[in-house]
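Residue numbers (the numbering used here): 941 to 1096.
Report on the structure given below.
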């Protein structure tokens, strides 16, 4: 899911478009896509709390989500930005870290030609309804299932 979103960002940047990335969920560990795309001028804002389902402090995670969401809202209002990737934002809605109405409003009121990519599992139906394109990425088989640990450069 994220990899697909990053592929679109890479394509956009390769054609001279201005793209920005907001990463929810992600922690402080190295990110290959970020390593590559920041060198191409793509600005990243990262929540830096890791997987929220492992949290020991829900209020801290909500505060971190709110902080990075404020940066996302500024990007969604910026006419100079062609593409905004809201990576893993679906979880922020599922866990009610962000208000659905606020996210829907910010996306609906963005500049007319700005493209927004939303990634994550279990996307809220109202986000799906407002989208122009919806893709579902589904794993049919994964190395994890056979006990193979995540590999740098392949899985992260």
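Glycine is no exception: its CB is placed at the ideal position from the N, C-alpha and C atoms.
Quick caveat, the model's predicted, so the values are computed rather than measured.
Suppose contacts are defined by Cβ-Cβ distances below 9 Å. Is residue i in contact with residue j by that definition?
i: residue 959; j: residue 1043; result: no
i: residue 974; j: residue 963; result: yes
i: residue 1056; j: residue 1068; result: no
i: residue 1064; j: residue 1025; result: no
i: residue 946; j: residue 1027; result: yes
i: residue 1008; j: residue 977; result: no
i: residue 1029; j: residue 1059; result: yes
i: residue 988; j: residue 1004; result: yes
i: residue 979; j: residue 1016; result: no
i: residue 997; j: residue 1037; result: no
i: residue 1031; j: residue 1061; result: yes
i: residue 981; j: residue 953; result: yes
i: residue 1019; j: residue 1054; result: yes
Would you give the residue range spanned by the beta strand (DSSP E) that residue i belongs to?
i: residue 950; result: Looking at the DSSP string, residue 950 is not in any beta strand (DSSP E); the run it does join, the alpha helix (DSSP H), is 942 to 954.
i: residue 960; result: 959 to 963
i: residue 986; result: 983 to 986
In angstroms with no decimal places, state the Cα-to-Cα distance between residue i and residue j.
i: residue 1051; j: residue 1079; result: 34 Å
i: residue 1073; j: residue 1089; result: 32 Å
i: residue 943; j: residue 1021; result: 20 Å
i: residue 986; j: residue 1086; result: 31 Å
i: residue 983; j: residue 1077; result: 25 Å
i: residue 961; j: residue 1081; result: 28 Å
Ends of the alpha helix (DSSP H) at residue i?
i: residue 970; result: Premise fails: residue 970 is in no alpha helix (DSSP H) and is neither H nor E.
Q | Secondary structure, beta strand (DSSP E): runs of 3+ residues fully inside the region 1008 to 1075 | A | With a minimum length of 3 residues, the continuous beta strand (DSSP E) runs that stay inside the region 1008 to 1075 are 1023 to 1027 and 1055 to 1058.
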